[in-house]
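**Student:** Taken in order, these protein sequences are the chains called U and A. Taken in order, the first sequence gives residues 1 to 296; the numbers are from the UniProt record's numbering. Taken in order, the second sequence gives residues 1 to 290; the numbers are from the UniProt record's numbering. The beta carbon of each residue, even a glycine, is placed where N, CA and C say it ideally should be. Here the structure is a predicted model, which means the values were calculated and not measured.
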Amino acid sequence: MQIAIASGKGGVGKSTITASLLYLLKDEYSFVAVDADAEAPNLGLLLGVTEWEEEREHIGAKVARINTESCVRCGICYERCPYGCIYIDEEGNYVVNELTCEGCNVCGLVCPVTGTITLEEVRSGVIRKATTKYGFPLISAQLDVGRPESGKLVTEEKEWAAKLMKELNLEHMIVDSAAGIGCQVIASLGGADVAILIAEPTPASLSDVQRAYKVVQHFREPAYLIINKADINPGFTGLEEWAEKEGIPILGRIPYDRAVPESMSMLKPVVEAFPEAKASKAIVEIAEVIKREILG
Amino acid sequence: MQIAVSGGKGGTGKSTVATNLAVALRKIGVKLTLADLDVEAPNDHILLGVELANEEPVNQFMPRFDYSKCTKCRKCAEVCEEHAIVTLKDGTPFLMPTLCSGCRACEIVCPVPGAIQEAFRVIGHTYVTPTPYGFTLVTGKLREGEERSMPLVVAAKRRAEEVREGLLMVDTAAGTGNTVSKAVEGSKLLIAVTEPTPLGIHDTELILQLGKLMKIPTWVVVNRSDLGDVGKVRELAEKYGAEIVAEIPYSENIVKTYVEGKPIVLTDYPEAEIFTGLAERVAEFLGGGE
Ligand code: SF4
Ligand code: SF4
Ligand code: SF4
Ligand code: SF4
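(1) Contact between the stretch 276 to 287 of chain A and the stretch 46 to 61 of chain A: three or more CB pairs below 8 Å?
(2) What residue range does the beta strand (DSSP E) around Ile123(A) cover?
(3) Can you give, in chain order, each stretch of the alpha helix (DSSP H) that sits fully within the stretch 23 to 105 of chain U and has at least 4 residues?
(4) Leaving out the 5 sequence neighbours to the left and right, which residues in its chain are closer than 8 Å to Leu164(U) when beta-carbon positions are compared?
(5) At which residues does the beta strand (DSSP E) containing His172(U) begin and terminate?
(6) Among Ser225(A), Thr176(A), Val170(A), which has the Cα closest to the Cα of Leu143(U)?
(7) Only counting the same chain, and skipping five residues up and downstream in sequence, which positions put a Cβ closer than 8 Å to that of Pro41(U)?
(8) Tell me which residue opens and which closes the beta strand (DSSP E) that Tyr224(U) is part of.
(9) Taking a contact to mean a Cβ-Cβ separation below 8 Å, would you say Val194(U) touches Ile3(U) in this structure?
(10) Please classify Gln184(U): is it buried, with 16 or more other beta-carbons within 10 angstroms of its beta-carbon, or exposed?
(11) Since Asn233(U) is in the alpha helix (DSSP H), which residue starts that stretch and which ends it?
(12) Count the C-beta pairs between the stretch 107 to 119 of chain A and the stretch 60 to 69 of chain A that are closer than 8 Å, then say yes if the count reaches three, no if not.
(13) Strictly below 8 Å CB to CB, what residues from chain U border Leu95(A)?
(14) Using a beta-carbon distance below 8 Å, is Ile181(U) in contact with chain A?
(15) When DSSP labels each residue in this structure, what does Leu267(U) get in the three-state scheme?
(16) Pull the bridge partners of Lys14(U) from the DSSP assignment, please.
(17) Use the C-beta contact count for Ile28(A): other C-beta atoms within 10 angstroms, 16 or more gives buried, fewer gives exposed.
(18) Taking C-beta pairs closer than 8 Å, name the residues in chain A that Lys214(U) reaches, listed in chain order.
(19) Compute every distance between the C-beta of Glu102(U) and the non-hydrogen atoms of ligand 1, then say whether any falls below 7 Å.
(20) Could you have a look at Lys215(A) and say whether DSSP puts it in helix, strand or coil?
(21) Determine, for Glu185(A), whether the minimum Cβ-Cβ distance to residues of chain U falls below 8 Å.
(22) For the stretch 110 to 183 of chain U, which segments carrying the beta strand (DSSP E) assignment without a break, of at least 3 residues, lie completely within its bounds, in sequence order?
(23) Beta-carbon separation of Asp226(A) and Tyr250(A) under 8 Å?
(24) For Gly166(A), tell me which candidate among Asn43(A), Val30(A), Leu213(A) has the shortest Cα-Cα distance.
(25) In the DSSP output, which residue or residues are listed as bridge partners for Leu34(A)?
(26) At a CB-CB cut-off below 7 Å, which residues of chain A make contact with Cys104(U)?
(27) From what residue to what residue does the beta strand (DSSP E) around Val86(A) run?
(28) Should Asn93(U) be counted as a contact of ligand 1 given a C-beta to heavy atom distance under 7 Å?
(29) Give the range of the beta strand (DSSP E) segment to which Ile286(U) is assigned.
(30) Establish whether the CB of Thr18(U) and some CB of chain A are separated by less than 8 Å.
(31) Residue 300(U): buried (16+ other C-beta within 10 angstroms of its C-beta) or exposed?
(32) Does the count of Cβ pairs from the stretch 86 to 104 of chain U and the stretch 57 to 75 of chain U closer than 8 Å reach three?
(33) Would you say Arg220(U) lies against chain A (beta-carbon separation less than 8 Å)?
(34) Give, in chain order, every residue of the stretch 220 to 247 of chain U whose Cβ lies closer than 8 Å to some Cβ of chain A.
(35) Compute the Euclidean distance between the alpha carbons of Pro263(A) and Ile88(U), then round it to the nearest angstrom.
(36) Could one say the Cβ of Ser6(A) lies closer than 8 Å to chain U's Cβ atoms, at least one of them?
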């Protein structure tokens, strides 16, 4: 089974909860974990990974390059780039900003001097594999600064994870989705059997998770909700009302607890670092519900 | 002039800093427009307690084939970098709309006039919202199910340019991919909001790299500064020639005002002063840099 854990936007504790759930599920189930937040991966850190066993470069992003020698400075590329990624430098040369280029090749198609603009494949990032000290494997990725299409990186991560599942005969894939709702998240949620959404009781988090849920609905996946920092905003009932209206079962509520940030700075799942903390106890209960309701 | 507020990872308080800094700058007389370019999860309006207004759709080109004219030469499919056009065995092209980025490469190469017609679809919206704080908020919001945020960032930034008054302050998405560089592009100052936790430090390095690659002077605001080792952030900042300009300790007051959608800088809480101080430094920078 493939489970994706998503929140819409980062910062609501998704990775910490994921790390804790992985820790709690590891003895009874076999799985591969995937950190699909290629722009800011941190599951590896939270699971104490210090060394990667295998690293694969992902070459796949494309960026345009202009040969200044043959360019006649007509400016057509500059006018036609759909994303405004071509600029004129101090010497009057037309130059592609490689940190923003989407690699669509429109400039190359409209340039009147054949061969002046070439579309080149560049590294978009790396994908890594480690065996965590808890025994299960983790696949993680890191997008290079200024590269497009983190979604492709996530798709490749999941392909690698699927291969590992076969090789090692694992039952599940647990994907810690990226923030946002764009290509990375679509790649994270696509193909999942179940989505677990995490939100905190604030209007901003509600808005983010509602948007993530719309993406989940595209894939017609059953969704569940975990409410984190459940007690920081008494009086705010929007999250519960929304879940009820949409028929999204609530797996549990985790109270705000300073043990969580403290465990993060120790680079340990909170349930391992502070098993007696109130947040840990709540996560343990949620893990039980997940075992019963989802993993069976 | 334009400045950017960004941060490597999500949830560091980037939007809190952007909105409070905007309110604080306006309070000391700096005219500005705030642009929320976190198009996948725009939240500045929520933190400012305003409802998005003046909605405009962002229409994106997509090809529509006129099969009575199309010669099935497959050129459009070959040139599409997004592989959004699939062809049947005989060469008949079909579009998979969500993959299309609207770049028009297919239209450019199609040799048959009229075989590719212009169609559009709405990929999201931009908003121009007046706020009670004396500045306008421009927001870009990607439609759920759309994959590509770049066109929305471009459209929202363009609209912000049109309506801007004085300083343009952009609030970017998390991460350091190319939509973040697009949002930051053109800024004279990058304010990186970070956290001194081990996770935050990893991402801080990435955003500092981005600032360096883009050759933009970078300031660091350390949020939740008592939750980790600020010394580590300082080392990194030094390595990249950035300066730490503010440290914001973890504060229940900030959480409280955050959930209430009320800028803390307008309250009597002691944390308000940190933002006022930061605004003064930015104003000084703007004065010296104009
Ligand atoms: S490849 Fe596309 S995005 Fe890049 S510079 Fe050329 S036209 Fe612009
Ligand atoms: S279209 Fe070609 S020749 Fe014209 S400015 Fe661009 S690169 Fe130079
Ligand atoms: S507009 Fe660009 S992305 Fe869309 S189908 Fe044409 S070539 Fe492909
Ligand atoms: S390039 Fe034009 S003529 Fe050729 S297959 Fe595409 S639409 Fe038809």
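**Tutor:** On the basis of the supplied data:
(1) Note that the stretch 276 to 287 of chain A does not touch the stretch 46 to 61 of chain A; fewer than 3 beta-carbon pairs, one per stretch, sit closer than 8 Å.
(2) Where Ile123(A) is concerned, the enclosing beta strand (DSSP E) starts and stops at 116 to 130.
(3) Taken in chain order, the whole alpha helix (DSSP H) runs of length 4 or more contained in the stretch 23 to 105 of chain U are 43 to 46, 76 to 80.
(4) Once the five neighbours on either side are set aside, the close Cβ partners of Leu164(U) are Val32, Lys129, Pro137, Ile139, Leu170.
(5) Segment 172 to 176, the beta strand (DSSP E) holding His172(U).
(6) For Leu143(U), the nearest C-alpha among the options comes from Thr176(A).
(7) Closer than 8 Å at Cβ, skipping near neighbours: Asp35, Ser140, Ala141, Gln142.
(8) Per DSSP, the continuous beta strand (DSSP E) segment holding Tyr224(U) begins and ends at 223 to 227.
(9) Ile3(U) is positioned such that its CB atom lies closer than 8 Å to that of Val194(U).
(10) The Cβ neighbour count for Gln184(U), taken over all protein chains shown within 10 Å, is at least 16; the residue is labelled buried.
(11) Segment: none, Asn233(U) is in no alpha helix (DSSP H) and carries neither H nor E.
(12) The stretch 107 to 119 of chain A vs the stretch 60 to 69 of chain A: in contact.
(13) What Leu95(A) touches in chain U: nothing, since even the nearest Cβ is about 15 Å away.
(14) With 8 Å as the cut-off, Ile181(U) counts as an interface residue toward chain A.
(15) The DSSP-derived three-state label of Leu267(U) is coil.
(16) None, per the DSSP bridge assignment.
(17) It is exposed - the Cβ of Ile28(A) has fewer than 16 other Cβ atoms within 10 Å.
(18) Within chain A, the residues near Lys214(U) are Glu144, Gly145.
(19) True, at least one ligand heavy atom lies under 7 Å from that Cβ.
(20) Three-state DSSP puts Lys215(A) in coil, outside helix and strand.
(21) At least one chain U Cβ lies under 8 Å of Glu185(A).
(22) As far as the stretch 110 to 183 of chain U is concerned, its whole beta strand (DSSP E) runs of at least 3 residues are 117 to 131, 137 to 143, 172 to 176.
(23) Yes. Within cutoff.
(24) Closest in C-alpha terms to Gly166(A), from the list Asn43(A), Val30(A), Leu213(A), comes Val30(A).
(25) Beta-bridge pairing links Leu34(A) to Leu137(A), Met169(A).
(26) Here the neighbours are Glu81, Ser101, Cys103, Ala105.
(27) Segment 85 to 87, the beta strand (DSSP E) holding Val86(A).
(28) No.
(29) Per DSSP, Ile286(U) belongs to no beta strand (DSSP E); it is in the alpha helix (DSSP H), 278 to 290.
(30) No, its Cβ sits nowhere closer than 8 Å to a Cβ of chain A.
(31) Because chain U here runs from 1 to 296, residue 300(U) falls outside it and cannot be looked at.
(32) Contact between the stretch 86 to 104 of chain U and the stretch 57 to 75 of chain U is present: 3 or more CB-CB pairs across the two stretches fall below 8 Å.
(33) Cβ-Cβ to chain A under 8 Å: no for Arg220(U).
(34) Contacts with chain A (Cβ-Cβ distance below 8 Å) from the stretch 220 to 247 of chain U involve Ile232, Asn233, Phe236, listed in chain order.
(35) If you take the alpha carbons of Pro263(A) and Ile88(U), they lie about 40 Å apart.
(36) No, Ser6(A) does not count as interfacial toward chain U.
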